[in-house]
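J.:
In my numbering, the protein residues as written are -9 to 77.
#1: Assuming residue 8 contacts residue 0 under a Cβ cut-off of 8 Å, what Cβ separation, rounded to an integer in Å, is found between them?
#2: Could you have a look at residue 43 and say whether DSSP puts it in helix, strand or coil?
#3: Compare the Cα-Cα distances from residue 48 to each of 28, 60, 58 and report the closest residue.
#4: Output the distance between the C-alpha atoms of residue 52 and residue 40, rounded to the nearest integer angstrom.
#5: Got a sec, what are the start and stop residues for the beta strand (DSSP E) residue 8 sits in?
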């Protein structure tokens, strides 16, 4: 369930690759439909149009959803998380 969408933000990684992202609150539910967490979802797009989704708890911890980024190099995801944390 979408709760709130924020403005588009931009970041540049160390290799000068440009990414834009939006943040929205999402509810994670279990198989019974009970809300188990409310997370910030980072919907990220690079300049080539590739899309990524990262999730962060309100405490500031990254929450990995395995099916969200299949086939994406972990190094890209780590670099994005680090840059967002320091942005």
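A virtual CB, placed ideally from N, CA and C, is assigned to each residue, including glycine.
T.: Quick look at the numbers:
#1: Contact between residue 8 and residue 0 holds: their C-beta atoms lie close to 7 Å from each other, under 8 Å.
#2: Correct three-state label for residue 43: strand.
#3: Taking residue 48 as reference, the option from 28, 60, 58 with the minimal CA-CA separation is 28.
#4: The alpha-carbon of residue 52 is positioned some 20 Å away from that of residue 40.
#5: Counting along the chain, the beta strand (DSSP E) containing residue 8 begins and ends at 8 to 19.
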